[in-house]
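Numbers given in the working numbering equal positions in the sequence shown, counted from 1, plus 841. Note that the Cβ used here is the ideal one computed from N, Cα and C, for glycine as well.
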Amino acid sequence: MALWWDIIYWLRRTPWDTGVTPPEIVSMIDSGQVTSGCALDLGCGTGTNAIYLGRHGFTVIGIDISRRAISLARRKARSAQLTDRVRFERGDVSVMRRWVTGHSIDFAYDIGCFHNLDAGARIRYAAALIAVLKPGAIYMLYAFEPSADRRGVDMDEIAQLFDRAFQLAGLRRGRDRNGRGSAWYTFVKREA
């Protein structure tokens, strides 16, 4: 799987890598709903969003399975002079505890990674996320809904994996430019 993603990044066939932080993330920062602290970028790609948060005072850990994406992300962090605030690790997001200790994360987000995981990895991911987030932390997830020809994640699965530890604070459904159903979920981790 990692090789496939590396090839995609080498060929620059990454329409999701716009170089622009999504307005949903920007709004969370601008509104003060999320303030500086430690952030976790799951499926960070070339690091655009992690760099944005680093510039806004966050310490950020970005994780992606693609060596090529991580190489590009590290280059961007050096260019932005943010290597003291933003760190990128190559690996499987479902074992995020390898790079994150305890309940240390204030804000986590996943923009299009989770829906690409298989069922087992999704379970491991959810358990690891619960373990690393502080009580009261915010988790944002952007995911495609399942369709006949593509993998996705539906609301029932989201509820099954996240309801016991998170309160759903926001849900905005929409369609991508190709008409595929998607949703932004915003969760707050429940107190222990």
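Using a Cβ-Cβ cutoff of less than 6 Å, which residues in the same chain neighbour V994 once the five nearest sequence positions on both sides are dropped? If we look at V994 and ignore the five residues flanking it on each side, its Cβ neighbours are H956, A984.
Give the single residue among A978, R991, R896, D905 whose Cα lies nearest to the Cα of S920. Among A978, R991, R896, D905, the Cα nearest to that of S920 belongs to R896.
Please classify G1011: does DSSP put it in a helix, a strand, or coil? DSSP places G1011 in the strand class (E or B) of the three-state scheme.
What is the DSSP secondary structure of P864, counted as helix, strand or coil? Here DSSP, grouped into helix, strand and coil, assigns P864 to helix.
Within 10 Å of its beta-carbon, does D959 have 16 or more other beta-carbons around it, so buried, or fewer, so exposed? With fewer than 16 other CB atoms across the displayed protein chains lying within 10 angstroms of its CB, D959 is exposed.
Give a yes or no on contact between the region 961–968 and the region 890–908, applying the rule of three or more CB pairs nearer than 8 Å. With the rule of 3 Cβ pairs closer than 8 Å, the region 961–968 does not count as touching the region 890–908.
So what's S1033 in DSSP terms, helix, strand or just coil? Before going further, note that residue 1033 is Ala rather than Ser in the sequence given. Three-state result, A1033: coil.
Do you know how far the Cα of D997 is from the Cα of T887? Rounded to whole angstroms, T887 and D997 show a C-alpha spacing of 31 Å.
Among the candidates A978, G878, G1011, D858, whose CA atom is the shortest distance from the CA of R926? Just measuring C-alpha positions, the residue of A978, G878, G1011, D858 sitting nearest R926 is G878.
Identified DSSP bridge partners for M1038: The structure shown does not extend to residue 1038, since the chain is modelled only from 842 to 1033, so the question has no answer here.
Going by DSSP, what residues sit across from L974 in a beta bridge? In the DSSP assignment, L974 forms a beta bridge with I946.
Between the region 1008–1017 and the region 938–957, can you find at least three pairs of beta-carbon atoms closer than 8 Å? Verdict: no, contact absent.
Would you mind working out which of A967, P864, M937, V901 sits nearest A1000, comparing C-alpha positions? Restricting attention to A967, P864, M937, V901, the CA atom closest to the CA of A1000 is found in A967.
Spatial neighbours of R939 within its chain, please: CB distance less than 6 Å, with the 5 preceding and 5 following residues excluded, ordered by chain position. Short of 6 Å from the beta carbon of R939, and not among the five residues preceding or following it, lies no beta carbon of its own chain.
Distance check for E865 and M981, CA to CA, integer angstroms please. E865 has its alpha-carbon roughly 9 Å from the corresponding atom of M981.
Just to check my reading of the structure: I946 and L913 have Cβ atoms closer than 8 Å, yes? What is that Cβ distance to the nearest angstrom? Not a contact, Cβ separation roughly 23 Å.
If we ignore side chains and look at the alpha-carbon of each, how far apart do R915 and L883 end up? The C-alpha of L883 is placed about 15 Å away from the C-alpha of R915.
Buried or exposed for S907, going by 16 or more other Cβ atoms inside 10 Å? Buried: at least 16 other Cβ atoms inside 10 Å.
Could you spell out where the alpha helix (DSSP H) holding G895 opens and where it closes? Counting along the chain, the alpha helix (DSSP H) containing G895 begins and ends at 889–896.
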